[in-house]
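**Q**
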């Protein structure tokens with residue numbers, strides 16, 4: 003279909019809460035195709051994407067699993083382990099700057115696939131982090147919202163230096 007522009011930090015759409023997908027129709031299929039085309043574009047390297055990152059306020063994410071992108075519609079997570087792991091995160095919507103973020107170690111994901119079937123899976127460590135990161139986008143959050151005030155201020159200063167070069 004089409005490679006879409008990735009919305010960047012500061013764009014108000016990234017702070018909006020997305021609407022549930024009521025019907026999986028040709029518009030949803032076209033959106034998912036655009037999302038895959040966008041994240042697969044030669045100049046972009048991503049392992050996941052949420053619909054609001056291309057300006058669409060629908061609860062849809064794609065995640066690269068088993069050598070292809072899988073679609074998760076109206077995803078929900080349940081934390082299965084309160085142990086927090088800290089690891090580096092980056093985001094296509096936050097340019098090239100990465101920082102360490104603490105997230106729960108293990109989750110259970112519930113969603114629908116493109117066929118409309120309910121899917122559930124447990125994810126740990128990096129895969130859990132990817133799902134939580136993408137679902138944050140559906141709730142109007144960015145990974146920097148998980149930082150303490152000092153770390154967030156430092157990150158934003160670094161980001162401002164980077165994008166003003």
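In the working numbering, the protein residues as written are 3 to 167. For every residue, glycine included, the Cβ atom is placed at its ideal position computed from N, Cα and C. Remember, it's a predicted structure, so these values are computed and weren't measured experimentally.
1. Using a Cβ-Cβ cut-off of 8 Å (strictly less than) and excluding sequence neighbours within five positions of residue 115, which residues of its own chain qualify?
2. Rounded to a whole number of angstroms, what is the C-alpha to C-alpha distance between residue 13 and residue 62?
3. Using 8 Å for Cβ pairs, my map puts residue 142 next to residue 26. What's the rounded Cβ distance?
4. So, for residue 34: in the same chain, excluding its five sequence neighbours on each side, which residues have a beta-carbon less than 7 Å away from its beta-carbon?
5. Please check the pair residue 40 and residue 79, which I expect to be a contact at CB under 8 Å, by giving their CB distance rounded to whole angstroms.
6. Buried or exposed for residue 77, going by 16 or more other Cβ atoms inside 10 Å?
7. Could you check what DSSP says for residue 61 in three-state terms: helix, strand or coil?
8. According to DSSP, is residue 73 helix, strand or coil?
9. What do you get for residue 88, buried or exposed, if any count of 16 or more other CB atoms within 10 angstroms of its CB means buried?
**A** According to the data block:
1. Cβ within range, chain order: 72, 73, 74, 75, 121.
2. 19 Å
3. The Cβ separation is near 23 Å, so there is no contact.
4. 62, 64, 73, 116
5. Wrong, their Cβ atoms sit about 24 Å apart, outside the cutoff.
6. buried
7. coil
8. strand
9. exposed
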